[in-house]
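Undergrad: Residue numbers for the sequence shown follow the working numbering, so the first one is 33 and each next one is one higher.
By construction, the Cβ of each residue, glycine as well, lies at the ideal position given by its N, Cα and C atoms.
Treat the numbers as computed from the prediction; the structure is a model and nothing was measured.
Before I ask anything, let me first share the structure, which is written out below as structure tokens.
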Amino acid sequence: MRVADWRDEIPETMAALSAAQYALLESTMALGGRRYGSTGYGDRSRVIDAATLELSHGKWLFNRATGECADFAARTSSPADLIAARGHLGKAIALADASRAPDAAVLATAIGMRRKLTRQGTEIRYYHGTPIVPSICPIVVLRGSSQRMGAQYVQQCVEIFGRFVFEHVAARPISAETRDVLRSWEAQLREHAPEVPAMCEGMAEAARRLGIPLGYEHAISIWTDLLPPAREPLTIGVLDAEGGDRLGGYFSRVRLPTGEVSEAGTCSGAAAWGTATKDGRACFAASTDHDCTFQTTIVAYPDDGNAFVYTPFSVNGSIPGLGRFGLSGHPGLNSSGVAYVHHGGYESCAEPRELWGYGVPRGATTMHALRYADTAREALEMELSFPVGDAGRILGSASGFYVDDTYGYVLEDRTPGRPVVREHTTGSGGERHDLLYATNNLLSPELGHAFCPPPEGYEFAVDAGWHTTSPQAPGDAPPGVITRQMCTASSSARNRYLYRHLLDQDGDITRASLDGLFRTGPRFTVTRWDRDGDRRPRGTLDEASVGGRHNAFVATGTPSTGRYTGAVGMIAPRDSAANGPTHGYVYYDETGTHWDIRLGESAESLLADARATAERVTARAARLLERAGAPVDTGSLGELLDAARAEIASATAATPGRASGPGTDEDVAALARACRALTRAQVRARQVIEAFGTVEAFGTVEAFGTGASDE
Numbered sequence: 033m034r035v036a037d038w039r040d041e042i043p044e045t046m047a048a049l050s051a052a053q054y055a056l057l058e059s060t061m062a063l064g065g066r067r068y069g070s071t072g073y074g075d076r077s078r079v080i081d082a083a084t085l086e087l088s089h090g091k092w093l094f095n096r097a098t099g100e101c102a103d104f105a106a107r108t109s110s111p112a113d114l115i116a117a118r119g120h121l122g123k124a125i126a127l128a129d130a131s132r133a134p135d136a137a138v139l140a141t142a143i144g145m146r147r148k149l150t151r152q153g154t155e156i157r158y159y160h161g162t163p164i165v166p167s168i169c170p171i172v173v174l175r176g177s178s179q180r181m182g183a184q185y186v187q188q189c190v191e192i193f194g195r196f197v198f199e200h201v202a203a204r205p206i207s208a209e210t211r212d213v214l215r216s217w218e219a220q221l222r223e224h225a226p227e228v229p230a231m232c233e234g235m236a237e238a239a240r241r242l243g244i245p246l247g248y249e250h251a252i253s254i255w256t257d258l259l260p261p262a263r264e265p266l267t268i269g270v271l272d273a274e275g276g277d278r279l280g281g282y283f284s285r286v287r288l289p290t291g292e293v294s295e296a297g298t299c300s301g302a303a304a305w306g307t308a309t310k311d312g313r314a315c316f317a318a319s320t321d322h323d324c325t326f327q328t329t330i331v332a333y334p335d336d337g338n339a340f341v342y343t344p345f346s347v348n349g350s351i352p353g354l355g356r357f358g359l360s361g362h363p364g365l366n367s368s369g370v371a372y373v374h375h376g377g378y379e380s381c382a383e384p385r386e387l388w389g390y391g392v393p394r395g396a397t398t399m400h401a402l403r404y405a406d407t408a409r410e411a412l413e414m415e416l417s418f419p420v421g422d423a424g425r426i427l428g429s430a431s432g433f434y435v436d437d438t439y440g441y442v443l444e445d446r447t448p449g450r451p452v453v454r455e456h457t458t459g460s461g462g463e464r465h466d467l468l469y470a471t472n473n474l475l476s477p478e479l480g481h482a483f484c485p486p487p488e489g490y491e492f493a494v495d496a497g498w499h500t501t502s503p504q505a506p507g508d509a510p511p512g513v514i515t516r517q518m519c520t521a522s523s524s525a526r527n528r529y530l531y532r533h534l535l536d537q538d539g540d541i542t543r544a545s546l547d548g549l550f551r552t553g554p555r556f557t558v559t560r561w562d563r564d565g566d567r568r569p570r571g572t573l574d575e576a577s578v579g580g581r582h583n584a585f586v587a588t589g590t591p592s593t594g595r596y597t598g599a600v601g602m603i604a605p606r607d608s609a610a611n612g613p614t615h616g617y618v619y620y621d622e623t624g625t626h627w628d629i630r631l632g633e634s635a636e637s638l639l640a641d642a643r644a645t646a647e648r649v650t651a652r653a654a655r656l657l658e659r660a661g662a663p664v665d666t667g668s669l670g671e672l673l674d675a676a677r678a679e680i681a682s683a684t685a686a687t688p689g690r691a692s693g694p695g696t697d698e699d700v701a702a703l704a705r706a707c708r709a710l711t712r713a714q715v716r717a718r719q720v721i722e723a724f725g726t727v728e729a730f731g732t733v734e735a736f737g738t739g740a741s742d743e
């Protein structure tokens, strides 16, 4: 009797995964304009959350079997996992469909599933052993020497998520050949960013204390991966830690079995300064766009250099399904008023091939620049001083989009002696504007030969940049080439959206107006849902947006004031689609709103500001709820308000006894714990405020869609 091969189960399971994600998309779009507090919304959202839990568990089993989450769970190559995944995905579809008209039995099932969630000694929730991505991004606070900050990072991440975020990284096999590769990466880090190896020493030290076998070499690999530099442009995808197979690469995976071209893995960012802004201060807004995984926002107070805020894509550098990107991410800002907005497209792949090699990966260069650059121009000088590096791997070398109050740039090509630096946005009449934007392609006119063009070349438009609407098909070009062509295809419409809205606001841009770019979802007209087939929506994309179901994390900031907001998922209306007939991503316990922090001069001032903001928005939410009448669902909103108050109380209990001074690592951890509670309180209170058609944005309450105060 033939033993079942796990690969035989992949196509059917992928089809079930795709169908479940489309079913969730349909259920959220069916919410219409309802918000928390609307009659019936609470019941519907509870059923959608139940469906999301089943989807999360099914996705985890699929990823575990195939190796897509090899850095979070040991690969099983198990047919049983894939078969079980299909069962849970089927339940997700049934619940999603039922959410459009939930009956008492379905609602009871959903409520029962909420009760099955456990903590397993961590801050996040687990469902049937599957860790659930938190809907409010946790904050970790680091302070002191590089080595101490590395140790604090591991300690706090384990407290938040559990041991799994580092245990499976520690299981990566390191052969003699791999050890030589890691030493070569380490040599570059020691020369150009010596604080990173010091952090790795601290990471390994903390892991040992926690009984996690994460050694120094494995800590280095979190920043660099285990592979030598690319010789050709690489695709996006997970290279499994155990099996070593790429399973076709990311974009070929999402084409099967439905043929869709996914918006996942795309990001958007915009910034303005000088004459483009209302007050002359730089401001920015950016999103990471993929299936959000286990991430934190780092707030660091090192003993040398600048304090900074930064949000990597993943706590261990790995995004299931997308691959390993080190600790790259965005956005960030520092205490000197410099912001890292976005990765600025991707590597151009135009640098001379003989210069491709070992260098400083994007996460390390970003944190180095935020820590040591006092101006955006200094950040550019730093980036150009690094080796060309791993230019064939997406986010494998130095580059990016930085801004301060007087200057901004996007570094699009790092060819020595003739780099391509985009410093302004050009209007239709050739005028230059103090604003920039970036997605996942190149916008500089001189780079038409770059970024792996198709045989007929890319088209160029001043607003959309270099792009093609017809990427080459698998088999017609190497996967890394197709990846970059598909990135341009998904970028052009978002670029046009940003160009039009930014130039319309030129001279009046504020952080709130940039935030507003992400509060509007795409206009996607659905003509029908293919419920008997692949469940995709049939319809037309009338206008793309940077906000929508593709968002994993949306952040804004003003670097000169240290203000930084962060939201998991989209802040657009919950019934928004993605840019086209693609499913995007739905998260458990979606909040649709952000927390707000200020970097400040110390961790204590960070905490004090977070507390003041939490208390202000909670008081505001209470006043709104007190005068609410029918048809507002005061019960659901009351639960949110109670949660906000409970988090403020828990923050008071968690705050360390010392009022100032460096303290111990446990003092820092306690301070971070309190900060996380206060930011959770902010989000719960803002959910109440936004239920009344207002948004508590950056200290002012504005009515949705009008910009007018409701007080």
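1) What span of residues does the alpha helix (DSSP H) with Thr711 cover, start to end?
2) Near Val578, which residues of its chain fall below 7 angstroms by C-beta distance, leaving aside the five closest residues on each side in sequence?
3) Whose C-alpha, out of Pro477, Pro451, Glu444 and Pro166, is nearest the C-alpha of Thr458?
4) What's the C-alpha gap between Gly632 and Ser367?
5) Whole-angstrom Cβ separation of Thr597 and His626, contact assumed at under 8 angstroms?
6) With distances taken from CA atoms, which of Ala576, Arg78, Arg67 and Ala116 is nearest Trp38?
7) Restricting to Cα atoms, I'd like to know which of Pro485, Arg180, Trp92 and His224 is closest to Tyr159.
8) Taking Met414 as the reference, which of Tyr390, Leu443, Gly424 and Ile426 has the closest Cα?
9) Work out the CA separation of Glu491 and Ala48 for me, nearest whole Å.
10) Going by beta-carbon coordinates alone, are Tyr378 and Ile426 separated by less than 8 angstroms?
11) Do three or more CB pairs link the segment 78-98 to the segment 128-143 at distances below 8 angstroms?
12) Should Glu698 be labelled buried (16 or more other beta-carbon atoms within 10 Å of its own) or exposed?
13) What do you get for Ala651, buried or exposed, if any count of 16 or more other CB atoms within 10 angstroms of its CB means buried?
14) Measure from the alpha carbon of Gly661 to the alpha carbon of each residue in Pro334, Leu672, Gln714 and Ala723, then state which is nearest.
15) In chain order, which beta strand (DSSP E) runs of at least 3 residues are fully inside the segment 579-633?
16) Could you name each continuous beta strand (DSSP E) segment of 3 residues or more that falls completely within the segment 337-413, going from the start of the chain to the end?
17) Per DSSP, Asp321 forms a beta bridge with which residues?
18) Determine whether the beta carbon atoms of Pro352 and Cys707 lie at a separation below 8 angstroms.
19) Once you ignore the five residues that flank Gly489 on each side, which residues in its own chain have a CB closer than 7 angstroms to its CB?
20) Quick check: what's the CA-CA separation for Pro134 versus Ala317?
21) Determine the DSSP secondary structure at Arg180, reduced to helix, strand or coil.
22) What residues in its chain sit with their C-beta under 6 angstroms from that of Thr343, if we drop five residues either side in the sequence?
23) How big is the Cα-Cα spacing for Leu246 and Ala430?
24) Report the option in His250, Thr256, Glu728 and Ser545 whose CA atom is closest to the CA atom of Gly421.
25) What do you reckon, are the CB atoms on His200 and Ala332 nearer than 8 angstroms?
26) Per DSSP, Pro569 is paired with what?
27) What residue does the alpha helix (DSSP H) around Phe198 start on, and which one ends it?
28) Taking the C-alpha atoms as reference points, what is the distance between Ser50 and Leu63?
29) Roughly how many angstroms separate the alpha carbons of Cys189 and Thr559, rounded to a whole number?
30) On the CB-based measure, 16 or more other CB atoms within 10 Å of its CB, does Gly624 come out buried or exposed?
31) Could you tell me how far apart the beta carbons of Val452 and Tyr441 are, in whole angstroms, since I believe they sit closer than 8 angstroms?
32) DSSP three-state label for Tyr333, please.
33) Looking at the structure shown, is Tyr159 part of a helix, part of a strand, or coil, going by DSSP?
34) Alpha carbon to alpha carbon, what distance is there between Ala496 and Pro393?
35) Is it buried or exposed for Arg356, if we count other Cβ within 10 angstroms and need 16 for buried?
36) What's the C-alpha gap between Phe283 and Arg446?
TA: Taking the structure as given:
1) The sequence position of residue 711 within the sequence shown is 679, counting from 1. It spans Asp697 to Ala723 - the alpha helix (DSSP H) in which Thr711 sits, taken as one unbroken run.
2) What you label residue 578 is simply residue 546 of the sequence shown in a count that begins at 1. Cβ-Cβ distances below 7 angstroms link Val578 to Ser300, Ser319, Arg526, Tyr529, Leu530, Leu549 and Phe550 in the same chain, with the five nearest sequence neighbours on each side left out; the list follows chain order.
3) In the sequence shown, counting from the first residue as 1, residue 458 sits at position 426. Of the candidates Pro477, Pro451, Glu444 and Pro166, the one whose C-alpha sits nearest the C-alpha of Thr458 is Pro477.
4) In the sequence shown, counting from the first residue as 1, residue 632 sits at position 600. In the sequence shown, counting from the first residue as 1, residue 367 sits at position 335. Gly632 and Ser367: Cα-Cα distance of roughly 7 angstroms.
5) By 1-based counting over the sequence shown, the position of residue 597 is 565. By 1-based counting over the sequence shown, the position of residue 626 is 594. With a Cβ gap of about 4 angstroms, Thr597 and His626 count as contacting.
6) In the sequence shown, counting from the first residue as 1, residue 38 sits at position 6. The candidate whose alpha carbon is nearest that of Trp38 is Ala116.
7) In the sequence shown, counting from the first residue as 1, residue 159 sits at position 127. Ranking Pro485, Arg180, Trp92 and His224 by Cα distance to Tyr159 puts Trp92 first.
8) Taking the sequence shown and counting its residues from 1, the one referred to as residue 414 is at position 382. The shortest Cα separation from Met414 among Tyr390, Leu443, Gly424 and Ile426 belongs to Leu443.
9) Position 16 of the sequence shown, counted from the start, is the residue given in the question as residue 48. Position 459 of the sequence shown, counted from the start, is the residue given in the question as residue 491. Ala48 and Glu491: Cα-Cα distance of roughly 37 angstroms.
10) Working through the sequence shown from its first residue, we reach residue 378 at position 346. Working through the sequence shown from its first residue, we reach residue 426 at position 394. Yes; because the gap between Cβ atoms is below 8 angstroms, this pair is in contact.
11) As far as the Cβ criterion goes, the segment 78-98 touches the segment 128-143, which means the pair count is three or higher.
12) Here residue 698 is taken as the residue at index 666 of the sequence shown, counted from 1. For Glu698, the number of other beta carbons within 10 angstroms of its own is below 16, and it is reported as exposed.
13) Along the sequence shown, one-based indexing puts residue 651 at 619. Result: exposed.
14) As a first step, residue 661 is located in the sequence shown; it is residue number 629 there, counting from the start. Relative to the Cα of Gly661, the nearest Cα in the group Pro334, Leu672, Gln714 and Ala723 belongs to Ala723.
15) 585-590, 595-600 and 627-630
16) Every unbroken stretch of the beta strand (DSSP E) spanning 3 or more residues and falling wholly within the segment 337-413 is given here in chain order: 340-344, 361-366 and 371-374.
17) In the sequence shown, counting from the first residue as 1, residue 321 sits at position 289. According to DSSP, which records beta bridges pairwise, Asp321 is partnered with Thr298.
18) Along the sequence shown, one-based indexing puts residue 352 at 320. Along the sequence shown, one-based indexing puts residue 707 at 675. In this structure, Cys707 does not lie closer than 8 angstroms to Pro352 by Cβ.
19) Stepping through the sequence shown from its first residue, residue 489 is reached at position 457. Only Gly480 meet the Cβ criterion.
20) Position 102 of the sequence shown, counting from 1, holds the residue named residue 134. Position 285 of the sequence shown, counting from 1, holds the residue named residue 317. Rounded to the nearest angstrom, the two C-alpha atoms are 37 angstroms apart.
21) To locate residue 180, count along the sequence shown from 1; it is residue 148. Residue state, collapsed to three classes: helix.
22) Taking the sequence shown and counting its residues from 1, one reaches residue 343 at position 311. Hits under 6 angstroms: Thr329 and Gly361.
23) Here residue 246 refers to the residue found at position 214 when the sequence shown is read from its first residue. Here residue 430 refers to the residue found at position 398 when the sequence shown is read from its first residue. Distance between the alpha carbons of Leu246 and Ala430: 26 angstroms.
24) For the purposes of this step, residue 421 is taken as residue 389 along the sequence shown, with counting starting at 1. Considering only alpha carbons, the answer is Thr256.
25) For the purposes of this step, residue 200 is taken as the residue at position 168 of the sequence shown. For the purposes of this step, residue 332 is taken as the residue at position 300 of the sequence shown. A distance of 8 angstroms or more separates the beta carbons of His200 and Ala332.
26) As a first step, residue 569 is located in the sequence shown; it is residue number 537 there, counting from the start. According to DSSP, Pro569 bridges with Trp561.
27) As a working mapping, residue 198 is identified with position 166 in the sequence shown. Phe196 to Glu199 is the extent of the alpha helix (DSSP H) around Phe198.
28) Within the sequence shown, the letter at position 18 stands for residue 50. Within the sequence shown, the letter at position 31 stands for residue 63. Between Ser50 and Leu63, the C-alpha separation is close to 21 angstroms.
29) Position 157 of the sequence shown, counted from the start, is the residue given in the question as residue 189. Position 527 of the sequence shown, counted from the start, is the residue given in the question as residue 559. Using only the alpha carbons, I get a separation of about 45 angstroms.
30) For this step, residue 624 is matched to residue 592 along the sequence shown. Buried.
31) By 1-based counting over the sequence shown, the position of residue 452 is 420. By 1-based counting over the sequence shown, the position of residue 441 is 409. Incorrect: roughly 10 angstroms between the Cβ atoms, too far for contact.
32) Within the sequence shown, residue 333 is the residue found at index 301, counting from 1. In this structure, Tyr333 counts as strand in the three-state DSSP scheme.
33) Taking the first residue of the sequence shown as position 1, residue 159 is located at position 127. Residue state, collapsed to three classes: strand.
34) The count along the sequence shown starts at 1 and reaches residue 393 at position 361. The count along the sequence shown starts at 1 and reaches residue 496 at position 464. Cα to Cα, the separation comes out at about 27 angstroms.
35) Indexing the sequence shown from 1 puts residue 356 at position 324. Label assigned to Arg356: buried.
36) By 1-based counting over the sequence shown, the position of residue 283 is 251. By 1-based counting over the sequence shown, the position of residue 446 is 414. At Phe283, the pLDDT of 40 sits below 50, so the modelled position is not reliable; the number obtained from the coordinates is stated separately. Distance between the alpha carbons of Phe283 and Arg446: 26 angstroms.
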